[in-house]
Every structure is written in C-alpha cells, then in structure tokens.
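Residue numbers (this note's numbering): 1 to 175. Input: a single structure, listed below in structure tokens.
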C-alpha cells in the first residue's frame with residue numbers, strides 16, 4: 001500500500017492522526033503560533049513531558065532540525081512530535097536544517113509506529129521562512145522519506161491555516 005500525501009486547510013490541533021508535528025521552539029516550553037495552540041489544546045501533560053525531556057536530555061534546548069516525541073494530552077492524536085525549525089536568514093542557507101525537521105520527525109514517527117502524521121508549515125510563520133520554499137522543501141523531503149520507507153506510513157498530512165498556504169502547498173504537491 002502506498003502512502004498518501006494530503007493537504008488540509010484547517011486546525012492542526014483537530015487532526016485525528018497518530019502523530020501531530022509541533023513547530024516548537026528550542027525551549028520545548030510552548031510559544032506562539034502552532035506551538036502555543038498545541039500546548040493550549042493538548043493541556044498540561046504535554047508541557048510536563050517537555051519539561052522532563054528538557055531536564056533529562058536537552059538542558060540547552062532541543063537543537064534546530066531535531067525531533068522528540070511526547071504524549072498528545074487532550075489532542076485527538078496519540079503523540080506530539082516536537083521539532084525546532086530554523087529561523088530564515090537571507091545570508092545563510094539553512095534549508096538542510098528545515099529538511100532535517102521533516103526527516104527527523106518522520107524517523108521519530110516511524111520509531112513510534114505512527115502510521116498517520118500531520119505536519120504544519122514548519123518555520124513559515126514568525127521564523128520568516130518564505131512559504132513557497134518551505135512548501136517545496138516539506139513536500140520534497142517527505143516524498144524522499146516515504147520512498148526510502150514505503151511501508152512505514154499510510155498518510156502524511158500537510159495542515160495549513162489559510163488560503164495562501166493551501167494554494168502554495170497545492171503548487172508544491174503538483175510539481
């Protein structure tokens with residue numbers, strides 16, 4: 001069976017999947033955007049596990065491009081996979097770090113046995129990553145990961161918030 005790549009315009013905190021990916025900040029303690037929404041809707045269980053992970057393994061914060069899983073708390077998912085996207089910098093090519101967020105999140109998901117995974121548009125909000133480039137990177141990286149592990153996943157969802165992001169991801173998925 002092949003993995004379907006789907007695009008949904010909506011709220012990532014409402015996705016009934018095995019794992020929801022959180023565009024986290026390195027502190028793992030919640031923040032704005034998707035990160036804040038996941039922590040608010042998921043409840044204190046997520047923050048408790050993030051604090052424990054930080055205390056045990058990531059005293060200096062989760063490094064950019066890496067991923068780690070916690071419970072999903074009150075979300076309709078089983079797990080939240082937290083990944084820290086890079087901040088956009090015109091003077092420095094950080095695209096490999098962005099690709100690493102998708103690769104590492106899928107590696108964690110596969111280790112957990114998560115068959116359906118929902119991704120936000122990592123780094124394209126307050127971190128300033130250009131949406132079209134972020135969408136192309138997301139789609140290309142996920143396609144490569146799925147090709148490398150064709151039996152690992154049933155569905156990978158790209159969950160976007162607005163019309164502009166939906167149209168941008170539609171273009172990237174059509175390429």
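Even glycine gets a Cβ: it sits at the ideal position worked out from N, Cα and C.
> With DSSP run on the structure shown, which of helix, strand or coil describes residue 17?
Replying inline: Residue mapping note: residue 17 aligns to position 17 of the chain shown, counting from 1. In this structure, residue 17 counts as coil in the three-state DSSP scheme.
> In whole angstroms, what is the alpha-carbon distance linking residue 13 and residue 76?
Replying inline: As a working mapping, residue 13 is identified with position 13 in the chain shown. As a working mapping, residue 76 is identified with position 76 in the chain shown. Rounded to whole angstroms, residue 13 to residue 76 spans 8 Å at the Cα level.
>> Going by C-alpha to C-alpha distance, which of 20, 16, 22 and 50 sits closest to residue 29?
In response: Walking along the chain shown from the start, residue 29 turns up at place 29. Nearest of 20, 16, 22 and 50 to residue 29, Cα basis: 50.
> For residue 107, which of 21, 158, 72 and 74 has the nearest alpha-carbon?
Replying inline: Residue numbering aside, residue 107 sits at position 107 when the chain shown is read from its first letter. Selected option, being the one with the closest Cα: 21.
>> Quick check on this structure: which residue in 62, 169, 119 and 148 has the alpha carbon closest to the alpha carbon of residue 156?
In response: In the chain shown, residue 156 corresponds to position 156, counting from 1. The shortest Cα separation from residue 156 among 62, 169, 119 and 148 belongs to 119.
> Is residue 108 helix, strand or coil when you go by DSSP?
Replying inline: Within the chain shown, numbered from 1, the residue matching residue 108 stands at position 108. It is helical.
>> Buried or exposed, going by whether 16 or more other CB atoms sit within 10 Å of the CB of residue 103?
In response: On the chain shown, residue 103 is found 103 positions in, with the first residue counted as 1. The residue in question, residue 103, is buried, as its Cβ has 16 or more Cβ neighbours within 10 Å.
> By Cβ distance below 8 Å, which residues in the same chain neighbour residue 16 in space, the five residues on each side in sequence not counted?
Replying inline: Taking the chain shown and counting its residues from 1, one reaches residue 16 at position 16. Around residue 16: 76 and 77.
> Under 8 Å between the Cβ atoms of residue 138 and residue 122?
Replying inline: Here residue 138 refers to the residue found at position 138 when the chain shown is read from its first residue. Here residue 122 refers to the residue found at position 122 when the chain shown is read from its first residue. Yes, Cβ-Cβ distance for residue 138 and residue 122 is below 8 Å.
>> Which same chain residues end up closer than 6 Å to residue 142 when comparing Cβ atoms and leaving out the 5 residues on each side of it in sequence?
In response: Numbered from 1 along the chain shown, position 142 holds the residue referred to as residue 142. The residues are 102 and 156.
> Taking one C-beta from the segment 2–10 and one from the segment 29–44 each time, how about it: are there three or more such pairs within less than 8 Å?
Replying inline: no
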